[in-house]
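Everything below concerns the one structure shown next.
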Amino acid sequence: MLRVAIVGSGPAGVYAVEALTRRGDATVDVFDRLPSPFGLVRYGVAPDHPKIRSISAALTGVLEHPDVRFLGNVDVGADITLAELRTYYDAILVASGAAVDRRLGVPGEDLPGSFSATDFVAWYNGHPDAPIDAFTVDARSVAVVGMGNVAVDVVRLLAKTADDLRSTDMPDHVLDVLDRSHVTDIHMVGRRGPVQAKFTTRELRELGEIANADVLVDAADLELDPVSEQLLATQPAARRNLEVLRGWAERRPSGRPRRLHLRFWLRPVEVLGNERVTGLRVESTQLDESGNAVGTGAMSTIDAQMVLRSVGYRGLPIPGLPFDERTGTVPNDAGRVLGPGGPEPGLYVAGWIKRGPTGVIGTNKHDARETVASMLEDVPNVPLAPERDPDAVVRFLADRGVVAVDWNGWLAIELAEIELGQQRGSARARIVQREALLRAALAAARSDANA
Ligand SMILES: Cc1cc2nc3c(=O)[nH]c(=O)nc-3n(C[C@H](O)[C@H](O)[C@H](O)COP(=O)(O)OP(=O)(O)OC[C@H]3O[C@@H](n4cnc5c(N)ncnc54)[C@H](O)[C@@H]3O)c2cc1C
């Protein structure tokens, strides 16, 4: 049997497991730095999108295969190095995602009240690394910079009321903060026009279905220049988006308590404020011939006491793994990690760390299969790992004081979250802090030992 380590149990890691176990000649250990599996399916996808979240049921089926072992709460690079993993595994596939946000690169970006959408998403999803008190929503007006689906998620959740979200598994401390929200106006700001926006029509349409909020679009923003017209001709998705936006531009606001302003052709130049954010200074833009947004020199200020940037993600380097700082990804050829001297034997990548933060969850399936195909092609030439005892790595981690969470531990966390939800009348509620997650997981280990 080939022994494979997968680093990261997000969609890319799990789809790689699926491709590997299908053949029946590999055993796979899946490591995750978190006590829970599924990466952004658990900690990125918005809580009011239960259907997308339910992909985790299919991913569960893959991880419950008898040749697969889950080892959560193990940070590869910190708790065990890649070099140490090589003692136990013939091949290592890293699917560690793109965990950090890109910055705007403008003055004032670090003022209190200016945040990354990544941090906000992590907080409202109860990520164990997100401090419970990371956010208050005292702002009347919020500027969300970015025109992708993550920006749409953030805008939607700020526009909804806590009551709209109470039936989800959103943690109580988040619901409490949203319940006290002062927000009346949310400005979604994009550097380019409606045709260049990255959101999908389904996500966009949802903004118009929020009972509590009017969507406001300036018809002038929807007038198209020749470059956008040309792009529109080849992009049906952009045509659908434009149709939705034109419908909203014709609508009169109906006086709902919150207003979503979709604002195109604006480039942030400074986050304003002394002690905390008081506004976002923006410059109007237009497209040059190659489709890049260039400033026109016309400046204006958006009233905002909170700024959230959602302008892309990048991966984090893992010690011993080649990394391209410019793209925030690992250099690779069809998933084979490329070092200075060419492909690194037995080392692979899949998902966002391989190709950057693009596509939907399903995109990672094809991506992971490509990587596994490369791995299986290389297998005859890969030197076998010296240690073949599957329990040796578990002993190694225990000797180092690392508390690995196995699959039963994760099932115990799930059970504890369902019980917590029942206490407040929802199907499930998130356990947030890492210690509490570990306590729930270890309760399972203790009852296993006593049985
Ligand atoms: C906020 C947000 C919302 C999204 N919503 C949707 C949506 O509604 N629908 C949709 O189709 N797509 C959505 N996506 C995109 C989707 O989540 C991604 O395509 C997908 O999660 C990428 O998969 P991945 O496995 O590469 O990375 P991830 O899902 O990020 O998984 C990476 C995993 O690796 C682990 N890891 C990282 N470093 C280490 C380490 N050193 N050691 C061990 N483990 C490590 C992480 O803990 C994580 O579990 C969303 C993305 C974001 C950011």
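Using numbering that gives the first Met the number 0, the letters of the sequence shown correspond one by one to residues 0 to 450. Don't be surprised by glycine CBs; every beta carbon is placed ideally from N, CA and C. Predicted, not measured: the structure shown is a model, and the values here were computed from it.
>> Please state whether the Cβ-Cβ distance between P267 and V404 is less than 7 Å.
In response: As a first step, residue 267 is located in the sequence shown; it is residue number 268 there, counting from the start. As a first step, residue 404 is located in the sequence shown; it is residue number 405 there, counting from the start. No. Outside cutoff.
> Terminal residues of the continuous alpha helix (DSSP H) containing H172?
Replying inline: Translated into the one-based positions of the sequence shown, residue 172 becomes position 173. Per DSSP, the continuous alpha helix (DSSP H) segment holding H172 begins and ends at 171-178.
> Between which two residues does the beta strand (DSSP E) containing E324 stretch?
Replying inline: Residue numbering aside, residue 324 sits at position 325 when the sequence shown is read from its first letter. Note, E324: premise wrong, no beta strand (DSSP E); not H, not E.
> DSSP puts L259 in a beta bridge; with which residues?
Replying inline: Start at 1 with the first residue of the sequence shown, and residue 259 comes out as number 260. Among the bridge pairs identified by DSSP, L259 is matched with I185, V214.
> Can you tell me whether M0 is buried or exposed, with buried defined as 16 or more other CB within 10 angstroms of its CB?
Replying inline: Here the question's residue 0 lines up with position 1 in the sequence shown. Taking every protein chain shown into account, the CB of M0 has fewer than 16 other CB atoms within 10 angstroms, so this residue is exposed.
> What separation, rounded to the nearest whole angstrom, lies between the Cα atoms of Q234 and E205?
Replying inline: Taking the sequence shown and counting its residues from 1, one reaches residue 234 at position 235. Taking the sequence shown and counting its residues from 1, one reaches residue 205 at position 206. Roughly 21 Å separates the two Cα atoms.
> Grouping DSSP H, G and I as helix and E and B as strand, with all else coil, what is V344?
Replying inline: As a working mapping, residue 344 is identified with position 345 in the sequence shown. The question names Val, but residue 344 in the sequence shown is Pro. It is a strand residue.
>> Taking only three categories from DSSP, how would you classify M0?
In response: On the sequence shown, residue 0 is found 1 positions in, with the first residue counted as 1. M0 falls in the coil class under three-state DSSP.
> Hey, would you say V40 sits closer than 7 Å to S55, going by beta carbons?
Replying inline: For the purposes of this step, residue 40 is taken as the residue at position 41 of the sequence shown. For the purposes of this step, residue 55 is taken as the residue at position 56 of the sequence shown. Yes, Cβ-Cβ distance for V40 and S55 is below 7 Å.
> Going by other Cβ atoms of all chains shown within 10 Å of its Cβ, with 16 needed for buried, is I51 buried or exposed?
Replying inline: Counted from its first residue, the sequence shown places residue 51 at position 52. Classification for I51: exposed.
>> Can you determine whether any heavy atom of ligand 1 sits closer than 6 Å to the C-beta of G350, and answer yes or no?
In response: Taking the sequence shown and counting its residues from 1, one reaches residue 350 at position 351. Yes, ligand 1 has a heavy atom inside 6 Å of this Cβ.
> With C-beta atoms as the reference, is T284 less than 7 Å away from A292?
Replying inline: As a first step, residue 284 is located in the sequence shown; it is residue number 285 there, counting from the start. As a first step, residue 292 is located in the sequence shown; it is residue number 293 there, counting from the start. The answer is yes: Cβ separation under 7 Å.
> In angstroms, rounded to a whole number, what distance separates the CA positions of N407 and L436?
Replying inline: On the sequence shown, residue 407 is found 408 positions in, with the first residue counted as 1. On the sequence shown, residue 436 is found 437 positions in, with the first residue counted as 1. The alpha-carbon atoms of N407 and L436 are separated by roughly 13 Å.
> Any heavy atom of ligand 1 within a distance shorter than 6 Å of the CB on P252?
Replying inline: Numbered from its first residue, the sequence shown carries residue 252 at position 253. No, since every heavy atom of ligand 1 falls outside the 6 Å radius drawn around the Cβ of P252.
> I think L383 touches D89, with their Cβ atoms under 8 Å apart; what is that distance to the nearest whole Å?
Replying inline: Numbered from 1 along the sequence shown, position 384 holds the residue referred to as residue 383. Numbered from 1 along the sequence shown, position 90 holds the residue referred to as residue 89. 5 Å between Cβ atoms; contact.
>> Check for me: the beta strand (DSSP E) holding T300 runs from which residue to which?
In response: The residue labelled residue 300 in the question sits at position 301 within the sequence shown. T300 -> beta strand (DSSP E) spans 292-302.
> Where does N273 land, buried or exposed, given buried means 16+ other C-beta within 10 angstroms?
Replying inline: Your numbering for residue 273 matches position 274 in the sequence shown. When all chains shown are included, N273 counts as exposed.
> DSSP on D377, reduced to helix/strand/coil?
Replying inline: Taking the sequence shown and counting its residues from 1, the one referred to as residue 377 is at position 378. When secondary structure is reduced to three states using DSSP, D377 falls in the helix class.
>> At the level of alpha carbons, what is the spacing between D78 and G424?
In response: Against the sequence shown, residue 78 aligns to sequence position 79. Against the sequence shown, residue 424 aligns to sequence position 425. Straight-line Cα distance between these residues: approximately 38 Å.
> DSSP on L103, reduced to helix/strand/coil?
Replying inline: What you label residue 103 is simply residue 104 of the sequence shown in a count that begins at 1. Judged by DSSP in its simplified three-state form, L103 adopts coil rather than helix or strand.
>> Just to confirm my understanding: we take A237, look at its own chain, exclude 5 residues before and 5 after, and list those with CB closer than 6 Å. What are they?
In response: Your numbering for residue 237 matches position 238 in the sequence shown. The residues are V194, L231.
> How long is the line joining the alpha carbons of S373 and A349, rounded to whole angstroms?
Replying inline: Counting from one through the sequence shown, the residue named residue 373 turns up at place 374. Counting from one through the sequence shown, the residue named residue 349 turns up at place 350. If I take the Cα positions, the gap works out to 11 Å.
> Relative to the alpha-carbon of T200, which residue among T135, N240, V188 has its alpha-carbon at the smallest distance?
Replying inline: Working through the sequence shown from its first residue, we reach residue 200 at position 201. Of T135, N240, V188, the residue nearest in Cα terms is N240.
>> What does the Cβ neighbour count give for A57, buried or exposed, with the cut at 16 atoms within 10 Å?
In response: Here residue 57 is taken as the residue at index 58 of the sequence shown, counted from 1. By the neighbour-count rule (16 or more Cβ atoms within 10 Å), A57 is not buried but exposed.
> Where does E269 fall in DSSP's three states?
Replying inline: As a working mapping, residue 269 is identified with position 270 in the sequence shown. Correct three-state label for E269: strand.
> Going by the beta-carbon positions, is the gap between L337 and I91 smaller than 7 Å?
Replying inline: Position 338 of the sequence shown, counted from the start, is the residue given in the question as residue 337. Position 92 of the sequence shown, counted from the start, is the residue given in the question as residue 91. In this structure, L337 sits away from I91, with a CB-CB distance that is not shorter than 7 Å.
>> On the CB-based measure, 16 or more other CB atoms within 10 Å of its CB, does R2 come out buried or exposed?
In response: Here the question's residue 2 lines up with position 3 in the sequence shown. With 16 or more other Cβ atoms within 10 Å, it is buried.
>> Here's the rule I'm using: 16 or more other beta-carbon atoms within 10 Å means buried, otherwise exposed. How should Q304 be labelled?
In response: Start at 1 with the first residue of the sequence shown, and residue 304 comes out as number 305. Looking at its Cβ environment, which holds 16 or more other Cβ atoms inside 10 Å, Q304 is buried.
> From V13 to D302, what does the alpha carbon distance come to, in whole angstroms?
Replying inline: Locating residue 13 in the sequence shown gives position 14, counting from the first residue. Locating residue 302 in the sequence shown gives position 303, counting from the first residue. Those two C-alpha atoms are separated by around 44 Å.
> Can you check whether the CB of V27 is closer than 7 Å to the CB of V16?
Replying inline: Counting from 1 along the sequence shown, the entry for residue 16 is found at position 17. Counting from 1 along the sequence shown, the entry for residue 27 is found at position 28. In this structure, V27 lies closer than 7 Å to V16 by Cβ.
> Any heavy atom of ligand 3 closer than 6 Å to the CB of F30?
Replying inline: The ligand content of the structure shown is limited to ligand 1, which means ligand 3 is not among them.
>> With H, G and I counted as helix, E and B as strand and the rest as coil, what does DSSP make of G494?
In response: Outside the shown range of the chain, which is 0 to 450, sits residue 494, and nothing can be said about it.
> Since R68 sits in a beta bridge, which residues does DSSP pair it with?
Replying inline: Position 69 of the sequence shown, counted from the first residue, corresponds to residue 68. Per DSSP, D28.
> Per DSSP, what kind of secondary structure is E418 in: helix, strand or coil?
Replying inline: Translated into positions along the sequence shown, residue 418 becomes position 419. DSSP places E418 in helix when its eight states are reduced to three.
> Does the distance from the CB of P356 to the CB of Y312 come in under 7 Å?
Replying inline: Taking the first residue of the sequence shown as 1, we reach residue 356 at position 357. Taking the first residue of the sequence shown as 1, we reach residue 312 at position 313. The answer is yes: Cβ separation under 7 Å.
> When you compare only the Cα positions, how much space is there between P46 and H126?
Replying inline: As a working note, residue 46 is residue 47 in the sequence shown. As a working note, residue 126 is residue 127 in the sequence shown. If I take the Cα positions, the gap works out to 12 Å.
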